[in-house]
């Protein structure tokens, strides 16, 4: 099949004016053979090289891929550094407007989100959620016997990611965007070097994302970071997760729900210190109820490895915990800007490596832009995509006012239970509008899923909805939900809040019953901070 396909390509190339050279490379790239197909043309145009590369496992299943590269093609309208979600979205949109676009990438296509972030994490979250439901199936009349195999889901997950890498490659190819593989370093404000070649562009976008950090403590080399989570070949029986952000609680929740003996080490009183207090305290209680051990006010001091390979974690207070099979550090991330030689372009960055930009994603250097995790704003895949696309709209489609807005960005934490949040926390709202101008509405309820559980009502998992309003007309400035279904119900309410909806607007919406989402539109009409309404979701609403 491949030889027949190659013959077709060769015949097409022979019939095409110009000079071609074909190189067939095995996946190891150890051997190279080339076949000259014609004399060099004399028209003055750049010779075109067509490269057939046989790559196993890269960009999907084993296949041959075509990379068409013009020898002299080094100048572009738009050069994007980083083929993650934001970079590819911006590049493809710009190409759709007719711009001459190239993307430079040194690793797998799709960036953090596709390879070691959102997507594989959600696969593991789903597996963990299924395991929870299997253990609860008896409450719904099922007799279930099940076992979980980490290596199986890892294989399926990794195959899925390879498929996505291939889709990203085909999307780039079909959009007419040139893919340049390698590390880009600036040589000036409008030029970069990749390998031994130099490229220039009128507009350059920096979208290289971030990477996890490790604490500078003795024995840190024995721990893994969030990237390492996806390289684990087997599920650890006993695991420690160090960190208090969303990555830490997500990873800890996955381990715990799949059956690992899990301990979460948190520096402060609770995890998620930047989120609404209700979310923090309820998640802490739920994780403990599910059997997770949480060690508060703890910072790692050192890690030691025994002769048996087991790990011990010592905290700053001198306490030792273990032995653990795995210690995962989720203590922060930093932008991947140290490799770009930004000084050569004059692009400013702060002490942490983030690139300051204005509301239009512009850096301090004309023609150089940045989106995504490198700017240190809202570090989410959808914000990078939105900013990248708006930038392309502005630069190449005559839309001078196009920009991304970073207020009221809905986000979800795939913890156990999941969290959905948009807008201001109660603390932030009061700081911005004053205590007397903020009113909160809150409902605590039991999702109908847990209704038939043969356990005391007080032991059934609770969900909570909290609405935050400001001013006399009660404009909604924050919505925070925790519990089953929180991850899926938030998106539509995010639109409503973005449009400036009020509490009265929500009250006027007829509820969908019985659902968790109806809680948002059936909150009591009186407002009191921390007021509670407890009910079983699914209980018939009587007139």
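Residue numbers (my numbering): 2 to 544. The beta-carbon is built from N, C-alpha and C at its ideal position, and this holds for glycine as well. The structure presented is a predicted model; accordingly, all values stated were derived computationally and were not measured.
Who are the near neighbours of residue 221 in its chain, counting only those whose CB is closer than 6 Å to its CB and skipping five residues on each side? 215
Chain-order list of residues whose beta-carbon lies under 8 Å from that of residue 429 (same chain, five-residue window excluded): 479
Let me confirm a value: residue 27 is counted as buried when at least 16 other C-beta atoms fall within 10 Å, else exposed. Which label applies? Bear in mind that the predicted position of residue 27 carries a pLDDT of just 37, short of 50, making it too unreliable to give a figure here.
Do residue 334 and residue 457 have their CB atoms nearer than 9 Å? no
What does a CB cutoff of less than 7 Å around residue 416 pick up in its chain, not counting 5 residues either side in sequence? 250, 251, 254, 284
Contact between the region 84 to 103 and the region 171 to 183 is defined here as three or more beta-carbon pairs at a separation below 8 Å; is this criterion met? yes
Buried or exposed for residue 219, please, with buried defined as at least 16 other CB atoms from any protein chain shown within 10 angstroms of its CB. exposed
Is it the case that the region 230 to 249 contacts the region 259 to 268, given that we only count it when at least three CB pairs across the two stretches are under 8 Å? yes
If you drop the 5 nearest sequence neighbours on each side, which residues of the same chain put their C-beta closer than 6 Å to that of residue 119? 382
To the nearest whole angstrom, what separates the beta carbons of residue 266 and residue 241, a pair I think is in contact under 8 Å? 6 Å
Would you mind stating whether residue 210 and residue 374 have Cβ atoms separated by less than 9 Å? yes
Reference residue 454; option with closest CA among 74, 96, 134: 134
Return the CA-CA distance between residue 243 and residue 152, expressed in angstroms with no decimal places. 24 Å
Could you give the distance in angstroms between the alpha-carbon of residue 81 and the alpha-carbon of residue 159? 27 Å
How long is the line joining the alpha carbons of residue 256 and residue 442, rounded to whole angstroms? 34 Å
Residue 371 bridges to which residues according to DSSP? 207
Residues near residue 98 in its chain [Cβ-Cβ closer than 6 Å; skip 5 each side]: 397, 398
Within this structure, are the beta carbons of residue 523 and residue 444 separated by less than 9 Å? yes
Among the candidates 468, 91, 355, 488, whose CA atom is the shortest distance from the CA of residue 419? 488
Given residue 326, which residues of its chain have a CB within under 6 Å of its CB, disregarding the five upstream and five downstream residues? 237, 238, 239
7 Å CB neighbourhood of residue 109 in its chain, flanking five on each side removed: 116, 166
So, for residue 230: in the same chain, excluding its five sequence neighbours on each side, which residues have a beta-carbon less than 7 Å away from its beta-carbon? 252, 329
Between the C-alpha atoms of residue 181 and residue 355, what's the straight-line distance to the nearest angstrom? 24 Å
Does residue 114 pass the burial test, meaning 16 or more other C-beta atoms within 10 Å, or should it be called exposed? buried
I'd like to know whether the C-beta atoms of residue 342 and residue 186 end up nearer to each other than 9 Å. yes
Three or more C-beta pairs below 8 Å linking the region 470 to 479 and the region 493 to 505: yes
With DSSP collapsed to three states, give me the class of residue 502. coil
With 16 other Cβ atoms within 10 Å as the buried cut-off, status of residue 400: exposed
Exposed or buried, residue 448, counting other C-beta atoms within 10 Å across all chains shown (16 or more means buried)? buried
Could you compute how far the alpha carbon of residue 411 sits from the alpha carbon of residue 313? 38 Å
Measure the beta-carbon distance from residue 124 to residue 169 and round it to whole angstroms, keeping in mind my assumption that it falls under 8 Å. Their Cβ separation, rounded to whole angstroms, is 17 Å, which puts residue 124 and residue 169 out of contact at 8 Å.
From the DSSP secondary-structure annotation, give me the bridge partner or partners of residue 363. 370
Only counting runs of 3 or more residues, tell me where the beta strand (DSSP E) segments fall wholly within the region 283 to 312, in order along the chain. 294 to 296, 301 to 306
Quick one: what's residue 488 bridged to in DSSP? DSSP, once it has assigned bridges, lists no residue as partnering residue 488.
So who's on the other strand from residue 213, going by DSSP bridges? 334
Here's the rule I'm using: 16 or more other beta-carbon atoms within 10 Å means buried, otherwise exposed. How should residue 525 be labelled? exposed
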